[in-house]
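The structure appears below as structure tokens.
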Amino acid sequence: MTVLNLIQSQADACGEKAFLIAPESGEQLTYAELHSSVKQVSTQLDDMGCQRGQHVAMLMDNGLWTATLLLAVMASGRVAVPLNAIAGDSQLEYVLDHCDANVLFASSQHEERADSLAGKVQRKISVIPACPDRGPEWPSGGQGEGAQLQSLEPEANALLMYTSGTTGKPKGVLLSHGNVVAGGRNTVEAHALSAEDRALCVLPLYHINAEIVTVIAPLISGGSVIMPHRFSTSSFWQWIRGYQCTWFSVVPTIVAYLLERGNATKEPIPATPGFEQLRFGRSASSALPASSHQEFEKEFGIPLVETMGLTETAAQILSNPLPPFQIQYGSPGIAYRNEVKVVLPDGTEAPRGEIGELMVRGDNVMKEYYKNPEATAEALSSDGWLHTGDLGYQDDDGFFYITGRLKELIIKGGENIAPREIDDALLKHPAVLEAAAYALKDDQYGQQIMACVVFKSGQSASEAELKELCDGEIGRFKTPRAIHAVQWLPRGPSGKVQRLKIADMLGELSEQQQEPAARRA
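Numbering-wise (the working numbering), the sequence shown opens with residue 1 and increments by one.
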């Protein structure tokens, strides 16, 4: 099965049913119109000399046509390369050069930047202005009916996504049509999605979660997607109620923002009438603190399902089950449609409860890292298992728990310490919105534990108070040596905190911003 097969079959089956809906304008794109748009995009790219198999980059904000272009590029036999719109110029220049794209779609707010970036690459790149709501301004000016699309094989390349690059340069994850479809099916099965479901997509379409979970999965199930330009705390619940969404996918940071606003306002929330159709919310892309998870469900009265996915696995690999089955707070769940295991350093499978590296195998696992055979060989075993780099364990009920990243593990005095353990302790303070522990070199212990916190609006706590909390929760040895209050934490495009960049970030902030919490309380 390919993305093209999906679009063709759903155009036949669903026809005039809305697939994408823009809440700002109320405009809709039906399944039939999606199929027609794919043919038009393919014809226009043909006319530009962009051949099948070539790479097409996108520097665009969310919108009906952003999603349409993403699908159309893949379905037409080209490879879509979504670019992180909030990345720095040096990273974008590297990605644009590395990805070999000859065409770059850019929305108006990014067009000047796109022209500048394209000018720095040593090959010709055609920059095409493209409105997220109305589509591209093609060089030929016309749209036409569109030619017949050529069939594709599941092994054909479809999507090239660049990782956030916590160390070194970003790596290009190359996914086939088979990988993309398998990733969407993982989501459909885990969440029992049907044609009656309607998703709210508030994550950016350069995010694997948004692309696979809230676009490809509804395409497979025959559902529909509400596609606003961006996330908004003030509009989130209004969109869900107004457009009768049945589910949504967010990241833990959004969970925290919704909780903060929900506690401070009297706006309609799912606990009030008008939300009866809302089945569940899902959280992914980074660990969801159990305390935030439980508070969200108590505050809003709906199930929140924690999941886990990687760019390299076309999103979801683990998910908690839906009600009436029992979820496990603090766990991203169990495997759906792929194999997941925990492996010890010697390569043997870990006994239940013992920490090791998570490994994944399935039709959703990437083909390779683009133009990086060394990294590919390091990540993929000869029998198809992917090294995720995530540390965790599996309990006796089959649920997986993530304790940290191999590269982010803090080793103090020879003891391995998972940063998440410190995060969870700090998040138990009612004033703390976000927390991130990280390592700093230390002559005595090898590494010392440090931490940053982001306070909720109008709230604060002293460093001594936070240290006392940690001391009681996790013990003095694991309590951070210093806790800094900051306004934000460095993140990759998927929303994961980049712990390895925190020390550098603190060095760049003003003296006031990097003061210990005690001095700011």
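We put the CB at the ideal spot given by N, CA and C, even for glycine.
Given Arg352, which residues of its chain have a CB within under 8 Å of its CB, disregarding the five upstream and five downstream residues? As a first step, residue 352 must be located in the sequence shown, where it is residue number 352. In its chain, beyond the 5 residues on either side, Tyr393, Gln394, Asp395, Asp396 have a beta carbon closer than 8 Å to the beta carbon of Arg352.
Is Leu288 near Glu297, with beta carbons less than 8 Å apart? The residue you call residue 288 lines up with position 288 of the sequence shown. The residue you call residue 297 lines up with position 297 of the sequence shown. The Cβ-Cβ distance between Leu288 and Glu297 does not fall below 8 Å.
Per DSSP, cross-strand counterpart(s) of Asn416: Within the sequence shown, the letter at position 416 stands for residue 416. Paired residue(s): Ile411.
Which whole-angstrom value is the C-beta distance of Tyr336 and Glu211, which I expect to be below 8 Å? In the sequence shown, residue 336 corresponds to position 336, counting from 1. In the sequence shown, residue 211 corresponds to position 211, counting from 1. Incorrect: roughly 18 Å between the Cβ atoms, too far for contact.
Does Gly414 pass the burial test, meaning 16 or more other C-beta atoms within 10 Å, or should it be called exposed? The residue given as residue 414 occupies position 414 in the sequence shown. It counts as exposed.
Limits of the beta strand (DSSP E) - the one that Cys524 falls within: Within the shown structure, residues of the chain are numbered from 1 to 521, placing residue 524 beyond reach of any answer.
Which residue comes first and which comes last in the alpha helix (DSSP H) that contains Lys39? For the purposes of this step, residue 39 is taken as residue 39 along the sequence shown, with counting starting at 1. DSSP places Lys39 inside the alpha helix (DSSP H), whose first and last residues are 31-47.
Excluding five sequence neighbours on each side, which residues of the same chain lie with their C-beta closer than 7 Å to the C-beta of Ala192? Working through the sequence shown from its first residue, we reach residue 192 at position 192. Closer than 7 Å at the Cβ level, and outside the excluded window around Ala192, lie Leu322.
Quick check on Ile21: buried or exposed, where buried means 16 or more other Cβ atoms within 10 Å of its Cβ? Here the question's residue 21 lines up with position 21 in the sequence shown. Flag for Ile21 reads buried.
Closest by C-alpha distance to Val360, when choosing among Leu469, Trp385, Tyr31: For the purposes of this step, residue 360 is taken as residue 360 along the sequence shown, with counting starting at 1. For the residues Leu469, Trp385, Tyr31, the minimum Cα distance to Val360 belongs to Trp385.
Coil, strand or helix - Gln238 by DSSP: On the sequence shown, position 238 is the one that residue 238 refers to. In this structure, Gln238 counts as helix in the three-state DSSP scheme.
Using CA coordinates, which residue listed in Gly135, Arg198, Leu500 is at the minimum distance from Met239? Translated into positions along the sequence shown, residue 239 becomes position 239. In the sequence as displayed, the identity of residue 239 is Trp instead of Met. Among Gly135, Arg198, Leu500, the Cα nearest to that of Trp239 belongs to Arg198.
Where does the unbroken alpha helix (DSSP H) through Phe400 begin, and where does it stop? For this step, residue 400 is matched to residue 400 along the sequence shown. In the DSSP annotation of this structure, Phe400 is not part of any alpha helix (DSSP H); the continuous beta strand (DSSP E) holding it starts and ends at 400-405.
Just the C-alpha distance for Asp423 and Leu200, rounded to the nearest angstrom, thanks. Taking the first residue of the sequence shown as position 1, residue 423 is located at position 423. Taking the first residue of the sequence shown as position 1, residue 200 is located at position 200. About 29 Å.
With 16 as the cutoff for other CB atoms within 10 Å, does Ile302 come out buried or exposed? Position 302 of the sequence shown, counted from the start, is the residue given in the question as residue 302. Counting C-beta atoms within 10 angstroms of its own C-beta, Ile302 has 16 or more neighbours from the protein chains shown and is therefore classed as buried.
Enclosing alpha helix (DSSP H) for Ile355 [first to last residue]: The residue you call residue 355 lines up with position 355 of the sequence shown. That residue, Ile355, is in no alpha helix (DSSP H); it is neither H nor E in DSSP.
Neighbour-count burial assignment, Ala87, 16 or more Cβ in a 10 Å radius: The residue given as residue 87 occupies position 87 in the sequence shown. Result: buried.
Can you find the residues in the same chain that come closer than 8 Å, C-beta to C-beta, to Glu354, ignoring five residues on each side of it along the sequence? For the purposes of this step, residue 354 is identified with residue 354 of the sequence shown, where counting begins at 1. Non-local beta-carbon contacts of Glu354 in its own chain, meaning distances under 8 Å to residues more than five positions away in sequence, involve Val342, Leu344, Tyr393 in chain order.
Quick one: what does DSSP say Trp385 is sitting in, helix, strand or coil? Here residue 385 corresponds to residue number 385 of the sequence shown, with the count starting at 1. Looking at Trp385 - three-state DSSP - the assignment turns out to be coil, as it is neither helix nor strand.
With H, G and I counted as helix, E and B as strand and the rest as coil, what does DSSP make of Met227? Stepping through the sequence shown from its first residue, residue 227 is reached at position 227. The answer is coil: DSSP assigns Met227 none of H, G, I, E or B.
Uninterrupted beta strand (DSSP E) stretches inside the region 97-163 (no shorter than 3 residues): For the region 97-163, whole beta strand (DSSP E) runs of length 3 or above, ordered along the chain, are 101-106, 126-131, 157-162.
Cα separation between Tyr243 and Ile208? The sequence position of residue 243 within the sequence shown is 243, counting from 1. The sequence position of residue 208 within the sequence shown is 208, counting from 1. Whole-angstrom Cα-Cα distance: 24 Å.
Quick one: Cα of Gly15 to Cα of Gly281, how far? The residue you call residue 15 lines up with position 15 of the sequence shown. The residue you call residue 281 lines up with position 281 of the sequence shown. Near 28 Å, if we compare the C-alpha coordinates of Gly281 and Gly15.
Taking Gly183 as part of the alpha helix (DSSP H), name the residues at either end of that continuous run. In the sequence shown, residue 183 corresponds to position 183, counting from 1. Counting along the chain, Gly183 sits inside the alpha helix (DSSP H) bounded by residues 177-191.
For the beta strand (DSSP E) containing Glu463, list its first residue and its last residue. Within the sequence shown, the letter at position 463 stands for residue 463. Per DSSP, Glu463 lies in no beta strand (DSSP E); the unbroken alpha helix (DSSP H) holding it starts and ends at 463-474.
Does the region 46-54 come into contact with the region 69-84, if we say contact requires no fewer than three beta-carbon pairs (one atom in each stretch) closer than 8 Å? As far as the Cβ criterion goes, the region 46-54 touches the region 69-84, which means the pair count is three or higher.
Taking the DSSP output, what are the residues bridged to Tyr438? If you number the sequence shown from 1, residue 438 lands on position 438. Met450.
Test item: CB-CB of Glu434 and Thr253 under 8 Å: Counted from its first residue, the sequence shown places residue 434 at position 434. Counted from its first residue, the sequence shown places residue 253 at position 253. Yes, the Cβ-Cβ distance between Glu434 and Thr253 is below 8 Å.
Which whole-angstrom value is the C-beta distance of Leu83 and Leu29, which I expect to be below 8 Å? Here residue 83 is taken as the residue at index 83 of the sequence shown, counted from 1. Here residue 29 is taken as the residue at index 29 of the sequence shown, counted from 1. Contact between Leu83 and Leu29 does not hold, since their C-beta atoms are separated by about 23 Å, which reaches or exceeds 8 Å.
Considering only the beta carbon of each residue, do Lys171 and Tyr94 sit closer than 8 Å? On the sequence shown, residue 171 is found 171 positions in, with the first residue counted as 1. On the sequence shown, residue 94 is found 94 positions in, with the first residue counted as 1. With a cutoff of 8 Å on beta-carbon distance, Lys171 and Tyr94 are scored as not near each other.
CB Asn364 to CB Asn179, shorter than 8 Å? Taking the sequence shown and counting its residues from 1, one reaches residue 364 at position 364. Taking the sequence shown and counting its residues from 1, one reaches residue 179 at position 179. Taking 8 Å as the Cβ cut-off, Asn364 and Asn179 qualify as a contacting pair.
Between the region 497-506 and the region 434-444, do three or more beta carbon pairs fall short of 8 Å? Counting C-beta pairs closer than 8 Å gives three or more between the region 497-506 and the region 434-444, which meets the contact rule.
Quick check on Phe275: does DSSP put it in helix, strand or coil? In the sequence shown, residue 275 corresponds to position 275, counting from 1. If DSSP states are grouped into helix, strand and coil, Phe275 belongs with coil.
Would you please state the rounded distance, in angstroms, between the beta carbons of Met58 and Leu70? I believe it to be under 8 Å. As a first step, residue 58 is located in the sequence shown; it is residue number 58 there, counting from the start. As a first step, residue 70 is located in the sequence shown; it is residue number 70 there, counting from the start. The distance from the Cβ of Met58 to that of Leu70 is about 7 Å, consistent with a contact at the 8 Å cut-off.
DSSP three-state assignment for Pro490, whether helix, strand or coil: Stepping through the sequence shown from its first residue, residue 490 is reached at position 490. Three-state DSSP puts Pro490 in coil, outside helix and strand.
I'd like to check one pair, Ile269 with Pro23: are the Cβ atoms closer than 8 Å? Position 23 of the sequence shown holds residue 23. Position 269 of the sequence shown holds residue 269. One thing to note: Pro23 has its Cβ no nearer than 8 Å to the Cβ of Ile269.
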